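Colleague:
In this note's numbering, the protein residues as written are 26 to 178.
(1) Considering only residues of the segment 91-166, which uninterrupted beta strand (DSSP E) runs meet the minimum length of 3 residues and lie entirely inside it, listed in chain order?
(2) If residue 102 and residue 112 are in contact, beta carbons under 8 Å, what's the gap, nearest whole angstrom?
(3) Excluding five sequence neighbours on each side, which residues of the same chain lie with their C-beta closer than 8 Å to the C-beta of residue 49?
(4) Count the other CB atoms within 10 Å of the CB of residue 74; is the residue buried (16 or more) or exposed (fewer)?
(5) Tell me, to the nearest whole angstrom, how far the beta carbon of residue 64 is from that of residue 137; I am working on the premise that it is less than 8 Å.
Right, dumping it as structure tokens:
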């Protein structure tokens, strides 16, 4: 009976994770479609952008795992240890290096995008990012439908 219950729980968890992964993948594809439509990308540009996003997505996923490792390392520090401050300083230095790496990755992606997009498309993207606070095609601030004349606040 216990094995059956454990098997059912494992099956449920695997199904839930598969559904979550599929939903996240669809969300990313939808964002890419909006990007392509908003900037009127050609088929070739869409393929190049998709390849660029895939490459950088894998890098960001690796960084996400490292960030979770830092949080775990911070939780495991003993504030009464003689090496506490040295351990904290090491975590800070590591975190600063990772932030620099993320900034560099973002700059490289922006540079690579500039090689794919026309000057007009680049200007349109900058305009859209300025309107959305840097999240031109992302989730935004979740303020809902705020059409003209609506009092949503």
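All C-beta atoms, glycine included, are put in the ideal place defined by N, C-alpha and C. Predicted model, so just to flag it, every value in this text is computed and none were measured.
Modeller: Quick look at the numbers:
(1) Segments of the beta strand (DSSP E) lying fully in the segment 91-166: there are none.
(2) With 8 Å as the limit, residue 102 and residue 112 qualify as a contact, their Cβ atoms being about 5 Å apart.
(3) Reliability fails at residue 49, whose pLDDT of 42 lies under 50, so the model's placement of it is uncertain and no value is given.
(4) It is buried - the Cβ of residue 74 has at least 16 other Cβ atoms within 10 Å.
(5) About 15 Å separates the beta carbon of residue 64 from that of residue 137, a gap too long to meet the 8 Å contact definition.
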